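Engineer: First to last, the sequence lines map onto chains V and R.
All the letters of the first sequence, read from the start, carry residue numbers 1 to 615 under this note's numbering.
All the letters of the second sequence, read from the start, carry residue numbers 1001 to 1633 under this note's numbering.
From the three backbone atoms N, C-alpha and C, an ideal C-beta is built for every residue, glycine too.
Remember, predicted model here, so these are calculated numbers, not experimental data.
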Amino acid sequence: MHLTLVRLQKLIIMNITLEEVRIWNFRSIKKVQVTLDPDVTVLVGANNTGKTNFLKALQIALGTHRRFIGKEDIFISKDETLPKDRVAVIDVLLVPTDEKDNRVDAFNDVWVEHWGRAIQGRAKAREFVAIRTRIRYDRLHLGYRIEQCILKEWKELSETDHELWEKTRLSRKQLEVIPLEFMDAQRDIYEDIRDRSSFWGRMIADIPLAESEVKDIESILNDINERIVNASDGFKQLKDKLELLNQTISHSDKGVSITPITRKLRDLNRGIDIHFQSDGSESFPLSHHGMGTRSWSSLLTLNALISHQTEKNNLSHSLLALEEPEAHLHPHAQRHVFDQIKDIPGQKIVSSHSPYIASQANLAGLRRFSRKDGETQVSQIDMSDIDDESQRKIRRQVLNTRGELLFARALVLFEGETEEQALPIFANAYWGKHPYELGVSFIGVGGTGYLPFISVAKGLGLKWFIFSDGEQQILTNFNKTLKKAGFDEYQNIPEIVTIDQGDNFEKHLLSSGYKDELEEVIKQHELKTKLENTTNVQKRQVLENKFQQSSPLTEDEIKMKFQKKGAKTTYSPLIAEALIKLPDANRRFPPKIKELFDVIAQKLNLPSVQHNEQN
Amino acid sequence: MNKINLSPEQQRVVHHRDGPLLLIASAGSGKTRVLTERVRYLMENKIGHYHILALTFTNKAANEMRERLDIDEDDNGVYIANIHKFCMQILCHDGVVIGFDREPQIFDNKDCLDILHQAFDSDPRLQQILKENRHRKDFLKEVLDAISHRKKKLRLPNYDIALEMSEKRQLFAYLYEKYNEFLRNQNALDFDDIILYTYQIFNEFPKITAFYRRLYRYICIDEAQDLNFAQYHVIKSLCGQEMKNLMLVGDPKQAIYGFNGASSDFMTKHFIQDFDINKENQFELTENYRSSKRIIAAANLLQPSSMKESQAIDGEVQAFPFPNEEAEADWVINRLQMLKQEGHSDVEGAISWKNCAVLGRTRYVMLKLEEKLKQHDIPYYYKRTQDAIESESELIRCFELGMRLLMNPQNRLHFQKLLELLNLDDLCGEIDKQNWQNGFELLTWINHRINAEFAQPFKKLLTAWQFLADNKINFRMAKEILEEYARITCADEERAMICNDIKRWSEHWQSYIRQTDSEQRRLADFLTQVALGATHQAQRHGLALLTVHTAKGLEFDVVCIMGLCEGTFPDYRAIKGGSQFLKEEKHNAYVALTRSKRLAYFTYPRQKVMPWGETKKQKPSRYLEEMGLKYKI
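(1) What is the rounded straight-line gap between the Cα of R:Lys1279 and the Cα of R:Lys1552?
(2) Taking DSSP as the reference, what is the three-state secondary structure of R:Ala1491?
(3) Would you kindly check if the distance between the Cβ of R:Lys1153 and the Cβ of R:Ala1230 is under 9 Å?
(4) Looking at C-alpha atoms only, which residue of V:Ile499, V:Leu221, V:Lys51 is the closest neighbour of V:Asp469?
(5) Given V:Thr52, which residues of its chain have a CB within under 8 Å of its CB, disregarding the five upstream and five downstream residues?
(6) Where does the unbroken beta strand (DSSP E) through V:Val650 begin, and where does it stop?
(7) If you count every other CB in all the chains shown that lies within 10 Å of the CB of R:Tyr1650, and 16 or more means buried, which is it?
(8) Should R:Ala1062 be flagged as near chain V, meaning a C-beta pair shorter than 9 Å?
(9) Just the chain R side, please: which residues come within less than 9 Å of V:Glu156 by C-beta, in chain order?
(10) What is the residue span of the alpha helix (DSSP H) that V:Thr476 lies within?
(11) Give the range of the alpha helix (DSSP H) segment to which V:Asn545 is assigned.
(12) Could you compute how far the alpha carbon of V:Gly461 sits from the alpha carbon of R:Gln1437?
(13) Under a CB-based cut-off of 9 Å, is V:Asp114 close to chain R?
(14) Would you say V:Lys124 faces chain R, with C-beta separation under 9 Å as the test?
(15) Give me the Cβ distance between R:Tyr1216 and R:Leu1442, rounded to the nearest whole Å; I'm assuming they're in contact under 8 Å.
(16) Alpha carbon to alpha carbon, how far is R:Glu1142 from R:Thr1615? Give it in angstroms, no decimals.
(17) Is the CB of V:Arg117 under 9 Å away from at least one CB in chain R?
(18) What is the residue span of the beta strand (DSSP E) that V:His275 lies within?
(19) Assign V:His308 to buried or exposed, taking buried as 16 or more other Cβ atoms, counted over all protein chains shown, within 10 Å of its Cβ.
(20) What is the rounded straight-line gap between the Cα of R:Lys1472 and the Cα of R:Arg1290?
(21) Please go through the same chain and pick out, in chain order, the residues whose beta-carbon is closer than 7 Å to the beta-carbon of R:Leu1116, but skip the five residues on each side of it.
(22) In its own chain, which residues sit with a C-beta less than 8 Å from the C-beta of V:Asp233, not counting the 5 before and 5 after it?
(23) Does R:Ile1208 get closer than 9 Å to chain V when you measure Cβ to Cβ?
(24) What are the residues that DSSP puts in a beta bridge with R:Pro1104?
(25) Can you tell me where the beta strand (DSSP E) holding R:Ala1081 begins and where it ends?
(26) Along chain R, which residues have their Cβ under 9 Å away from the Cβ of V:Asp109?
(27) Return the Cβ separation of R:Val1358 and R:Leu1369 in integer angstroms, given the expectation that the two are a contact with Cβ distance under 8 Å.
(28) Considering only their Cβ atoms, is the gap separating V:Phe597 from V:Tyr490 smaller than 9 Å?
(29) Just mark V:Gln360 as buried or exposed, buried being the case when its beta carbon has 16 or more other beta carbons within 10 Å.
(30) Can the beta-carbon of R:Asn1228 be found closer than 9 Å to that of R:Phe1271?
(31) In the structure shown, what three-state DSSP assignment does V:Gln380 receive?
(32) Does the structure place the segment 1112–1126 of chain R close enough to the segment 1396–1411 of chain R that three or more beta carbon pairs sit under 8 Å?
(33) May I ask you to list, following chain order, the residues of the segment 125–154 of chain V that have a beta carbon less than 7 Å from some beta carbon of chain R?
(34) Counting contacts by CB-CB distance shorter than 9 Å, is R:Val1097 in contact with chain V?
(35) Out of R:Ile1024, R:Glu1067, R:Asn1281, R:Leu1022, point me to the one whose CA is closest to R:Arg1040's CA.
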């Protein structure tokens, strides 16, 4: 009775968080410092930017299964040969937290007992445990070795900080309590159930049966095997022929036995299979399912293992490093799988290329990986810049629908619908590629609230551009917000392109000499709409004639047409489509659009427009 | 040992969980075993989460306890150490809060005397005082004792500076301040400071203390009868108001460290009062499982009704007078040799040298014996309490000083000594001007200024030091470089000296590496452990020659106690000191006797040759009569 109570206590009080990770000289990472979310951290970024390297580094620092390490694991910059004395360093900072994941001052009893004197920050009563892992070339062993120590301080980084080496003892036992489980993208439950070292294999490895029970079961298994073999002529034939083999190499009678099913309990994994049944269909064995199901199942096994371990050890903060949980899954399932990941106890660090997953993550838990001059860089959003309202807005307007912005190189922000429809079409024509291929996302912010998006872009290390109307009131307000965020006035920021005094997009087209093209588009559209509603051939003829003879529209009339409800979204793609087909290449892009694209091309180092024209 | 062997009384102690506990355990009552078993019990039957702290009197006792529990140092949630080692670890971990930016360096008594000289030299007024004093050596000792006394009373230099006091006390207070300033400027401390500064941390930084209280939920103190004021209070401040799970184990009848400020009152009075211990939590173990009937009977005569016998074996307790020390020594050797050859009906199995010990009140009592043992080629060892390394060869003295500077480049004292050895005295002031990043830079700096005569050996030393300065301390390489140098360059006599010096250091190193993981070895830690005596490896081969104090906690089948005459045992200083001192002196006799499991022989010479050649008649010790021993006159 007493003991169960104690056990329960142990289960409840186990709150620590891996708060921060710093890495030097590991693979593509020369130096990064990343804070982690107490619940889910999602690492996003293009391929080859170092997300997996980051997870691997964590695995080396905290993982239960140590990997071999070699010189490939040490960072080298371009054109450099690896200096033998270069040391890779991985620092992890563990801090006590309460049930709600808030940082608290002191570790609880369980952790004090476990870490003992490794706990630092005693004098200030702001406790932490900092573990440094080094990968160092060992001349004696002629290879790289991993060593670990406790850091006494966790201070702001200086250049030589990673050279520090304290010789404070740290036992394997102390590290094993925060097992980090790493699951790579190649997971497949079909493989897992045959592999003793997989999560599956580890789960079922210890079956708490007494030796006599094991014997009982195995003798039953033996009987079953015998019955099957005896009932089958095929088996009997095989056995007889195989026994001939025995006669030639050894002279004992026994030797060949065929066991259609597992004979030993410890070989349980050999014959195991799982059958899944989807709605109304037959139940199929795993091997018949697609990789999506198999990968997903593998993930669920991990969840089971973590719950199992947490219960068994009483003392376990589980850390899960997960590579691309979306692998092989369709979009809906991708969203669903993220929900399941969130339900796994402990702290999760997930790398992903899926906008569906990334968009579900908290802004605060997003880390964007990128590469500059071959070195991995990690950026995150400074949440203090973004108030709750803006957060909701960002979620609503962008992440929920446009998660891909997290994978972009640049954001182009603008007010409203006109640009949203037209700009991608112009961009496609300008570069000869869809903007997504260039990593450029076009985002209408629905008003003039650019700031939260700029914060997101800044935080994620994305380039940003703004295409704004030139109405005086808007521009005055705009400068105010810019000033508040610590920026210069818009006039001095090349990334901000504004339409001339008082104009909006339509007016800009008119004042730039596109009246005829606008008129044509409007008339064509009006005609088309009317024709669609008319089946009578004569009437259609009348309409077409009327269209041919109609008097030209005045500029004011055109402006009026744009005021109609839904007109902007209707006309702007049509106008864009019409303009990019103009025979005169110089007139295909209105001046302000060209100005914007020129800036983008320059800042992102994209091929120039002239180059495309020649193609 | 398993639990079945515990008596019901012992078991009650072992199974005691929360609340303070006092255990008075007489000699041979299984004190260490009970303590060890309680630690094991608390470890194996945990309710909650905690570590256990067990503090012993000696490094050896700590090692023994670890061996019995089959654990490594600081592992399995049990930390076992002697109190100085424990406190030194606190200073290394948390010393930064009282201004130790790096691990402090321990200065031994000789170093401290030099520091005191520096303190005197720093002030013309003090210089004058020292110059005028005719008994300079005694005076310096008096000052050091006074400083030590203050530290043992846990008084920091600023403690009583404002109080009115005699001129002499004012002077001593001022000297204490100066002396400490010199130590602190060099990132150094003396032995008393280890306890004092730990007390300061515990007292002034409650958050740190609270951490250790959370970590060590149970604290056990062995040999508590020998706690002194400072030690008791450092433990008390660690416990604070809330921590009550403190266990003190000891035997007031074996209190023999009064000269060090120790008193069994801390255990039997203060502890009971401060922790409000009720009768149920005061245990007493009186049954002696160690000694034979005769020994217990004699011991009970010395200390009335102290022990219950439990052995069925009679054993022997006898006293023998001899005409002189020579005859006394001869008899001891003959007796032991005979026992070794023939055995004894009261001792199971054969008797070998390692089952025997010769005890004396002081080492001088056994001088003659040592001589004779050498003549007879009988293996013996002499157990020292602390063994400060003092190298004889210049090369290794330099090497040693360099090691200290590697650990602590602020070490002005040893910097100066090194320069003196190298005839570079005039550079001493440079330590204040230069800004060396580390000790190796300092040594390299010296290398650039070295005189031609020392250039070659110093270059070798620098190579050797380099192997220690690195994170990967490689003592073996350093040793080989120096040995090779000695082989090639030095004449035989010098080479022999160097090799002996190196051997001593190697022994410490060997002992150190047995106690540590390769990952955690550092030069600073090595030197600290050497200074704490933790690397002192008593070679225990042959017959043990022990003083009563070094025999503490040990047991032998056969014990010969020599020099039982008035003035020797009891010591003349105790007789002069009066009842309080005589009480403790009797403890010494009691401790000596109870080291024996089976046979105990007291011997004494009727006359002694004094060091100045005179012969002096000796009276038999009063203890012989008290123990009711019949001896022929």
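Structural biologist: The relevant details are as follows:
(1) Between the C-alpha atoms of R:Lys1279 and R:Lys1552 there is a straight-line separation of about 29 Å.
(2) Three-state result, R:Ala1491: coil.
(3) Going by C-beta atoms, R:Ala1230 is nearer than 9 Å to R:Lys1153.
(4) It is V:Ile499.
(5) Closer than 8 Å at the Cβ level, and outside the excluded window around V:Thr52, lie Asp184, Glu323, Ser351.
(6) Nothing about residue 650 of chain V can be read from this structure; chain V reaches only from 1 to 615.
(7) There is no way to answer for residue 1650 of chain R, as the model of chain R reaches only from 1001 to 1633.
(8) Taking Cβ atoms only, chain V never reaches closer than 9 Å to R:Ala1062, which makes this a no.
(9) The contacting residues do not exist; V:Glu156 stays about 18 Å from chain R at best.
(10) It spans 472–484 - the alpha helix (DSSP H) in which V:Thr476 sits, taken as one unbroken run.
(11) Per DSSP, V:Asn545 belongs to the alpha helix (DSSP H) from 537–549.
(12) In a straight line, the C-alpha of V:Gly461 is about 39 Å away from that of R:Gln1437.
(13) Correcting the residue identity first, residue 114 of chain V is His in this sequence and not Asp. Yes, V:His114 counts as interfacial toward chain R.
(14) At a cut-off of 9 Å between C-beta atoms, V:Lys124 counts as an interface residue with respect to chain R.
(15) Taking C-beta atoms under 8 Å as the contact rule, R:Tyr1216 and R:Leu1442 fail to qualify, at a distance of about 39 Å.
(16) Each residue's Cα considered, the two are about 32 Å apart.
(17) For V:Arg117, the answer is yes, since a Cβ of chain R falls inside 9 Å of its Cβ.
(18) Where V:His275 is concerned, the enclosing beta strand (DSSP E) stretches over 275–277.
(19) Exposed: under 16 other Cβ atoms inside 10 Å.
(20) Straight-line Cα distance between these residues: approximately 47 Å.
(21) Cβ within range, chain order: Leu1140, Val1143, Leu1144, Tyr1179.
(22) Excluding positions up to five away in sequence, the list is empty.
(23) For R:Ile1208, the answer is yes, since a Cβ of chain V falls inside 9 Å of its Cβ.
(24) R:Pro1104 is not bridged to any residue.
(25) From DSSP, the beta strand (DSSP E) with R:Ala1081 extends over 1078–1082.
(26) Per Cβ cutoff of 9 Å: Gly1048, His1049, Tyr1050, Arg1214, Arg1217.
(27) The beta-carbon separation of R:Val1358 and R:Leu1369, rounded to 6 Å, stays under the 8 Å limit for a contact.
(28) No, Cβ-Cβ distance for V:Tyr490 and V:Phe597 is not below 9 Å.
(29) The residue is buried, with at least 16 neighbouring Cβ atoms inside 10 Å.
(30) R:Phe1271 sits away from R:Asn1228, with the two beta carbons spaced by 9 Å or more.
(31) Correct three-state label for V:Gln380: strand.
(32) When C-beta atoms of the segment 1396–1411 of chain R are compared with those of the segment 1112–1126 of chain R, fewer than three pairs fall below 8 Å, so the two segments do not count as touching.
(33) Under the 7 Å Cβ criterion, the segment 125–154 of chain V contributes Ala125, Glu147.
(34) For R:Val1097, the answer is yes, since a Cβ of chain V falls inside 9 Å of its Cβ.
(35) When each option's Cα is compared against that of R:Arg1040, the closest is R:Glu1067.
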